[in-house]
Amino acid sequence: MKYNFTFYNPTKIYFGKDAISNLEEELNNYGPNILLAFGGGSIKKIGLFDTVVDILKRAKKNVVLYGGIMPNPTYKKMLEGAKLVEDNKIDLILAVGGGSVIDCAKGVSVAAYQENAWERFWIKHEEVKHNTVPVASILTMVGTGSEMNGGSVITNEEEKIKSGRVFPAQVYPKFSILDPTYTYTVSKYQMLSGIFDIMSHLMEQYFSGDDDNVSDYLIEGLLKSVINNTYVAIKNPLDYEARGNLMWASTVALNTLVGMSKEQDWEVHSIEHQLGAYTDCAHGMGLAAISIPYYKHIYKYGLDKFVRFATNVWNINEDDLSKEEVALKGIEALEKFIKECGMVTKLSELGATREMLPLIAKSSDISSSAYKVMTEEEILEILNECF
Ligand code: NZQ
Ligand code: ZN
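For the sequence shown, this note's numbering gives the first residue as 9, with consecutive numbering after it.
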């Protein structure tokens, strides 16, 4: 463990079937006015909306509805929520949905009662010194880890910037309810998008640094669990064990635990966020398409780690091969997995056009802790390779 660190994660997790039974008691800790944040209607289809409203009513709360939060939530939508918080003196924002709803709720929590929130908190990364409104979540889609972290990824449509800000502990959900059965209805496309998001979070923390760090061993185990359970969940989307394993792996992958004392890459995420700003694509599918050409560009610069990835995650053990060949076989195994599962490999399938590529390359952040620090030209090459 090379660098000193402080690990603090204040989110309380209620996990499992009927974990929602803990909601009513939790609500006692907050005032009467609740902002119920949700997306485009999936929670109504699965009956969760009615269940939550019943519990809120039983707890004698005033419920203010804040629906229609879209995938890749926009700054405009977030400001709408901030106004509802101010107008109704909201005591708790209860986010019911996937990463987009939870991210948006955290954004609302920070932006309420503030001026110029975008510029201050998402562009200049100003420290949050004011009191924010508490957020809690009920997760219905697996992938982002937003249920147990401070991440809030917001898209400014006018500026064509999708910016991820990681807020401090006060903005983390106070509690999150994780019932794997809620994820049964997530479409195969969205499930796979979420799954690749988990894998990318793990790989982007793994592929950096050259020290012997306990986190890398944890990441290898998590990746194996995700790979195995993906096959089970594809075959049977109602497999509770697989859905539960994917849900908890997703939470642990980005609740800061496996990033402790590690240098981290995050270049694939930077490029994907700008791809998302231009195309509004499903986040994990963008990551899947970009990852293979990206890793093929950088593996020679972090060769030992890529050999370790091939050996420990994909069980590639061929003594007669060179290190480079083994490393490449690991990336090819990842590529085979992506294709076998039906994840996206081409940006053209995600709504990108050739004309967008230079703009995406130009506006992507460049990671200084990657094995190979990218140039704008190299990012463009990568984008062209997966177009
Ligand atoms: O809007 P509804 O109707 O709810 O439908 C959603 C949406 O269309 C649907 N869905 C969710 N739960 C469902 C369901 N459909 C059927 N049954 C259910 N139980 O799934 C679709 C996608 O939902 P969304 O919340 O957009 O997906 P995800 O969880 O992947 O979130 C993506 C957003 O999170 C950001 C991404 O950039 C993107 O904006 N990220 C957040 C991070 C964080 N907070 O730390 C880190 C990530 O790297 C990521 O950047
Ligand atoms: Zn992600």
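Glycine included, every Cβ here is placed at the ideal spot set by N, Cα and C. The structure displayed is predicted, hence computed values, not measured ones.
Here A369 is near L388, since their CB atoms are less than 9 angstroms apart. Collapsing the DSSP output to three states places Y309 in a helix.
In the structure shown, G159 falls within a strand segment according to DSSP collapsed to helix, strand and coil. In the structure shown, T19 falls within a coil segment according to DSSP collapsed to helix, strand and coil. I185 is positioned such that its CB atom lies no closer than 9 angstroms to that of A257. One residue after another in chain order, those with a Cβ under 6 angstroms from a heavy atom of ligand 2 are T152, D205, S208, H209, H277 and H291. A177: not part of any alpha helix (DSSP H); DSSP gives it neither H nor E. Burial check for A177: the Cβ neighbour count within 10 Å stays below 16, so the residue is exposed.
The Cβ-Cβ distance between V276 and L262 does not fall below 9 angstroms. A Cβ-Cβ contact shorter than 9 angstroms links V72 with N96. Here S117 is not near N80, since their CB atoms are 9 angstroms or more apart. As the crow flies, the alpha-carbon of I235 is around 42 angstroms from that of N41. The Cβ neighbour count for N157, taken over all protein chains shown within 10 Å, is at least 16; the residue is labelled buried. Collapsing the DSSP output to three states places N253 in a helix. Shown here for Y303: same chain residues with a beta carbon closer than 6 angstroms to its own, the five before and five after excluded, namely I339 in chain order.
Rounded to the nearest angstrom, the gap between the Cα atoms of K308 and E332 is 7 angstroms. Counting along the chain, A360 sits inside no beta strand (DSSP E), nor does DSSP assign it H or E at all. Rounded to whole angstroms, M351 and M199 show a C-alpha spacing of 10 angstroms. Contact between I227 and V266 holds: their C-beta atoms lie close to 5 angstroms from each other, under 8 angstroms.
Between the alpha carbons of K243 and E249 lies a gap of roughly 13 angstroms. L329 and H291 have their C-alpha atoms some 35 angstroms from each other.
Considering only K52, E167 and D111, the residue with the shortest C-alpha distance to V161 is D111. Taking 3 residues as the shortest admissible run, the stretch 52-127 contains the following complete beta strand (DSSP E) segments, listed from N- to C-terminal end: 70-74 and 100-105.
K170 carries a strand assignment under DSSP once its states are collapsed to helix, strand and coil.
Annotation for L311: K331, E332 and A335 place their beta carbon closer than 8 angstroms to its own, counting only its chain and skipping 5 residues before and after. For the options I169, D62 and V315, the alpha carbon positioned closest to that of I28 is the one of D62. Rounded to the nearest angstrom, the gap between the Cα atoms of F183 and Y22 is 8 angstroms. Between L283 and I298, the C-beta spacing is below 9 angstroms.
Under the three-state reduction of DSSP output, V143 falls in the strand class. The residues S269, in chain order, have a CB closer than 7 angstroms to that of Y11 in the same chain once the five nearest residues on each side in sequence are set aside. According to DSSP, F46 shares a beta bridge with V104. Between the stretch 164-174 and the stretch 122-137 there are three or more inter-stretch CB-CB distances shorter than 8 angstroms, so the stretches are counted as touching. Excluding five sequence positions before and after V315, the CB atoms of its chain that fall closer than 8 angstroms to its own CB belong to K331, V334, A335 and G338, given in chain order. Under DSSP, N41 shares a beta bridge with N70. The beta-carbon distance between T19 and P181, rounded to whole angstroms, is 5 angstroms. This is short enough to meet the 8 angstroms contact definition.
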